[in-house]
Each structure stands twice: as C-alpha cells, then as structure tokens.
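Under the UniProt record's numbering, the sequence shown has 255 at position 255, and the numbering climbs by one with no breaks.
Each residue gets a CB set at the ideal place from its N, CA and C atoms; glycine is no exception.
Computed from a predicted model, the values in this text were never measured in an experiment.
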Amino acid sequence: MNEALLELIPVDQFTEHQEKMLELEMCDSVKLYRFSREPSSLNEVSFDSNKSISIWRDNGTVICLGGEAHDKYCERCICFDISHGEITRQVAIYGIADDYDEEYTQSDAGMAETTAFFWSLKDLEADISILEIFIHGSEDQISSPFSLKALQPHQLASILDANPTRTFDIRCGPLTPKQSKILATPPYPLKLKFGESLVTNEDQFRFQKKDKGRAFVDALEKRQPLFFGSLSIDLSISDEIPFGPNELKRLLELDISYDKLAIANVIRDNKSVLLPLSVKANSLECKIEAQRFQANDFNSLNIVTRDLRLMIDLVNVTDWEMYLTLFFNRVAVLGHFQKLNLLFDCRRSYEETQLFEFEKVASITKALLHAVNSNPKLSHLDLSDESSKIDFIPHLKDIFEGIEAHKGLRFLVVESYPCTDDPDYSWLKRLLSRNRTITVLDDTGTILSDGSTIDELYSLNRFYNGSEALSKDSASPRRELVTKALLESASKCFQRSALLLFRLTDVLCEFLQDDDSNQDEGIASQTVSEATELPDSNPCESTETAPKKMRTS
1 MNEALLELIP
11 VDQFTEHQEK
21 MLELEMCDSV
31 KLYRFSREPS
41 SLNEVSFDSN
51 KSISIWRDNG
61 TVICLGGEAH
71 DKYCERCICF
81 DISHGEITRQ
91 VAIYGIADDY
101 DEEYTQSDAG
111 MAETTAFFWS
121 LKDLEADISI
131 LEIFIHGSED
141 QISSPFSLKA
151 LQPHQLASIL
161 DANPTRTFDI
171 RCGPLTPKQS
181 KILATPPYPL
191 KLKFGESLVT
201 NEDQFRFQKK
211 DKGRAFVDAL
221 EKRQPLFFGS
231 LSIDLSISDE
241 IPFGPNELKR
251 LLELDISYDK
261 LAIANVIRDN
271 KSVLLPLSVK
281 ANSLECKIEA
291 QRFQANDFNS
301 LNIVTRDLRL
311 MIDLVNVTDW
321 EMYLTLFFNR
331 VAVLGHFQKL
341 NLLFDCRRSY
351 EETQLFEFEK
361 VASITKALLH
371 AVNSNPKLSH
381 LDLSDESSKI
391 DFIPHLKDIF
401 EGIEAHKGLR
411 FLVVESYPCT
421 DDPDYSWLKR
431 LLSRNRTITV
441 LDDTGTILSD
451 GSTIDELYSL
461 NRFYNGSEAL
471 SKDSASPRRE
481 LVTKALLESA
491 SKCFQRSALL
501 LFRLTDVLCE
511 FLQDDDSNQD
521 EGIASQTVSE
531 ATELPDSNPC
541 ESTETAPKKM
551 RTS
C-alpha cells in the first residue's frame, strides 16, 4: 500500500470510541490506522495475505483488510471477498457500537456508509473482478447480524455505477423491494449472482419475506434495454428458495435476453422445471430433475441457447434410458448447438449400478453421436462428469469413430483415457489421423497423449490447420510465411513440405515464375557480356555462331 495513504493512530490519542476496541476479546494488541487521504481507486489499496490491517473511519466503523480479516474482531460485521482471477482478498467492515447504540441503529448506518464507500472505489480490473458478499463471524455476531437492507438504494446504485463490469455475488440479505429494483434496472448489462454462503448455514441470499422476489421481477419486466447481462441463482445446500413459485415462473417467462443464465436447485414446481431451457441466453447452465416431468416433454421443448451446460438429475427414475434418448433426439432436431457440457446426476446405491449396464449406455452413446453429428457447428463437447454412473469411457472407441468426420468439433473432454483397454492409444491415433482439427482433453484440461507419437500427431495437425488457414488468407504476407515454414518447421519433413506446397500452389507458382525470371535475367546478362567481349570482325566472315545457353532447372 502507498505509505502516504495510511497513518498510524497513536494509542495515547485514541478516542473513547476507539478505546472500546482495546476491550475486544479477540485482540491481543490493536494497531489502528486511518487514511491520510481518501484513495482514488481500489488499486491504491494493497492487501497482505499474512496479516490484517485495521483502518478506522470517523463514523465508528473499521475496515479490516487481508489476513484473517473476517475473524479479526468479535463485533458485528459484513464480510466480503474481492477476487481477480486466482487472487482472492479478504475484507470485513466492523461496526464498533458504543454504549448508547443498543439497537445498532448508528452502527448499521455507519457500516452501510463505509460499505458503500469501499465498494464504490474504482477497480481498474473490474472486468475480471468478483465481489462476493456474505455475513460471517462468531456466534455472538450472528445472533444480531448486520442486515443488508441497511444499504440505501442510492448507495447501492452508486456501487453498481462505479464498477458496472464487476460480478456481484450476493450471499446474504434480505434485499428490500427498492434495492431489488436497483439491481434489476441498471442501464447497462449486469453480472449478478444470488447464492449461499459456504461459511455458515444461516447465510444465503434472500428477499424480504413479504416480497419473495416480486419487486425484482416487476422491475426486470419493465427493464430497458431487454438485455440483462448475466444472472446466476444457485442454492445447492439450502431448502429455502428466495423466490416464490409464481415469481420464479414469471422470471423464466420474461422476454429478457441474457449473456449467461445459470439456474440450479431453485425450481420445485413441476410445471416450471423445463422453463429455463427456453430462456433466451447466449450461455445457459441449469439442472433439471427428471422425476418432475415426463420424458416425452423433450419432444416439443424449444432450447434457445447455443451454449448449454445441463445436468439431468436421474434420481428416482428407472426409465433413464428413455429420458436421455429423447433428450439427444431433441438436440439432433434443433441442430444449432455450438457447445454442449452434459452431466448426469445418478446417485445410486452400489446394488443399483446394474441399471446402467453396458448395453443401455451403448444405446445412449448412439443417440449422443446422432445428436453430435446433427449439429455441424458444435465445437465443444464435454462428457467428463466423474460423478455419474453413466460411464462413457468404455464406449470411447465408438465415440471417437463416430466423430471422425465432424468438421466443426474442436474440443472433446472426457474423464480419462482407458489405457487398460487401449494401451497403445490406437483409438486416439486413428481419430487424430482422420480428424485433424480436434483436441481431446481429460477432466483436468490436460491434452490426452502417449507422450511421443500422439504429440507428433498434434504437431502435424497444427501445421495442417495453419497451412489451411494461410491458404485462405489473401491479406497476410503468405510468401514470406511459406518461405519461413519451408526453412524451419517443414525443413526436415517431406510430408509437411508437400502439404504446405499442395495447399499453397499459387505461392509455389510465384516461386517458379521468379526462378524463370531470374534465369532469363541471367541469360540476358551473360549474352550482353559475351557480346561486348567478342573481337571486332565482319560478321559475314565469321564461321561460328553464338552458342545457345540452355536453361536447367
């Protein structure tokens, strides 16, 4: 942190309110800082992961940064993490209530003010920033927790406006109707998540009980423009749903477009379970429970998105084969998918695993391949769900053979490679030799390879694809690139040289034309030179004719 930004408050200068911190049981010693000037952006504030820094605010609140900030003091607080990629920083804002604030009125107002100040600091990396908000602390704190409703609507609006491209991940509440309206109607695409805290079971996103999300849906319905951004609602642990059933149904039926919509574990109404699949979203992630609908409901289902991550929960369903077959048949009929990530949640006892016998999964594999090959623009297929008892690994040979001719597929993700069944990787070698645009990954994102032969196949395929792209690009300095390739990556490989020149016959012709020109220029130059060296004589008396120079290639 910029040293000029903070200054230490000497203990002998503590106010009566600040001295209250000395009595907090979790503090061995207290070092209080204050801002010597207000920071202009979040990037001015640095975080130490090994220790926390406490910054006093004149409204009786403390901003605690870094280290174990969430557990620093035994006082009411609002905790949050600010993440940029893989880097996550802890922050907490504590309300140090004085003896006259028995109802925490002043404390809540001060905490809301400080929260609005900190969240409104400009984040220069807001595009990759996630603000995850939750209530957390000791049992004493949770018995009278800070309520998010203390944040005034104008404060919430300024927070969103300061960093409109940031992801806001709200895992506490309750939200008031006025706050809900602010979240639903910013004049720009918002990235919003409603979830639950992984710290305590008492923490999760929620609306006020009388509202149940009605104000949010009402405002979203009137929103202009009709493109929201990203919305995620995931309550995987809790049985309590923040939306009422009518409000959730209305939300999924709105004429709103999303960049990304993620819905998980919030639909308990049988009539609404398939509604997320019809929402207009560039990317859709959802979980559906098969026991809540009939398999033939897939026949008329209009799945709008082109990028689908779908988990089908097959628990308590015995005719799972029919469900999956009809789903894949519908995917084949629609034919517009570009990405498919498919997971099948099959929590079964060991005795029930015979339900997923080889022959039935083989039938599903055929339906899957029909769906894949009926979607020519499909570029990404992910079947790497390790928790499913529907195991596609024994059918990998059939899958590889089934996608050999697919011209659009670029990535296939599987859980692992069946080295026991195919120790020589012959299935993969055949696929890569016949489909030169595909890459096969495992569930960790690692490219599947035997370490030598397949690495060379991938290298050859990259060369193949590069030469194809070069043949279609008339704007690039192709001649220079071809020359470089022939002298470097293709210099010791006849196959690559032949492939390159076959793909770029026009460049080869240019080489030959230049060679002809160079040869002709050489002939003319040498003829003139020879002519100037001939002795002066009467040409008629000469009995010799000038020799003809033969061009050799």
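If you count every other CB in all the chains shown that lies within 10 Å of the CB of residue i, and 16 or more means buried, which is it?
| i | result |
| --- | --- |
| SER40 | exposed |
| residue 556 | The question about residue 556 has no answer, for the chain in this structure spans 1 to 553. |
| ASN163 | buried |
| GLY213 | buried |
| TYR258 | buried |
| ARG89 | buried |
| LYS548 | Low per-residue confidence applies at LYS548: pLDDT is 33, beneath 50, and the placement is therefore not dependable enough to give any value. |
| ASP48 | exposed |
| ALA524 | Confidence is the limiting factor: at ALA524 the pLDDT is only 40, short of 50, which leaves the residue's position unreliable and the question unanswerable from this model. |
| TYR188 | exposed |
| ALA281 | buried |
| ASP169 | buried |
| CYS419 | exposed |
| THR446 | exposed |
| PHE358 | exposed |
| HIS336 | exposed |
| ALA150 | buried |
| LEU277 | buried |
| ARG434 | exposed |
| HIS154 | exposed |
| GLY173 | buried |
| LYS271 | exposed |
Quick one: give me the first and last residue of the beta strand (DSSP E) that residue i is part of.
| i | result |
| --- | --- |
| GLY229 | 229-234 |
| ILE82 | 77-84 |
Put residue i into one of helix, strand or coil per three-state DSSP.
| i | result |
| --- | --- |
| LYS407 | coil |
| LEU254 | coil |
| ILE438 | coil |
| TYR33 | strand |
| HIS336 | coil |
| VAL372 | helix |
| ARG89 | strand |
| GLY66 | coil |
| VAL361 | helix |
| VAL317 | coil |
| residue 557 | The structure shown does not extend to residue 557, since the chain is modelled only from 1 to 553, so the question has no answer here. |
| LYS72 | coil |
| GLY110 | helix |
| LEU183 | helix |
| SER300 | helix |
| LEU22 | helix |
| TYR323 | helix |
| LEU42 | helix |
| LEU428 | helix |
| VAL331 | helix |
| residue 639 | Residue 639 lies beyond the range of the chain shown here (1 to 553); nothing can be said about it. |
| PRO418 | coil |
| SER433 | helix |
| TYR188 | coil |
Going by DSSP, what residues sit across from residue i in a beta bridge?
| i | result |
| --- | --- |
| SER278 | In the DSSP output, where bridge partners are listed per residue, SER278 has none listed. |
| ILE170 | ILE133 and PHE194 |
| ARG292 | Answer by DSSP bridge pairing: none, since ARG292 is not bridged. |
| ASN341 | ARG309 and ASP382 |
| PHE207 | LEU175 |
| LEU8 | TYR33 |
| ILE263 | ILE233 and CYS286 |
| SER54 | LEU32 and CYS64 |
| TYR94 | VAL62 and CYS77 |
| residue 561 | Because the chain is modelled from 1 through 553, residue 561 falls outside the range shown and cannot be assessed. |
| LEU226 | Answer by DSSP bridge pairing: none, since LEU226 is not bridged. |
| VAL413 | ASP382 and LEU441 |
If you follow the alpha helix (DSSP H) that residue i is part of, which residue opens it and which one closes it?
| i | result |
| --- | --- |
| LEU396 | 396-402 |
| PRO423 | Counting along the chain, PRO423 falls outside any alpha helix (DSSP H), and DSSP gives it neither H nor E. |
| SER158 | 153-162 |
| ARG214 | 214-221 |
| GLN18 | 16-19 |
Are there any heavy atoms of the ligand ADP lying less than 7 Å away from the beta-carbon of residue i, as far as the coordinates show?
| i | result |
| --- | --- |
| THR453 | Ligands are entirely absent from the displayed structure, and the ligand ADP is therefore not among its contents. |
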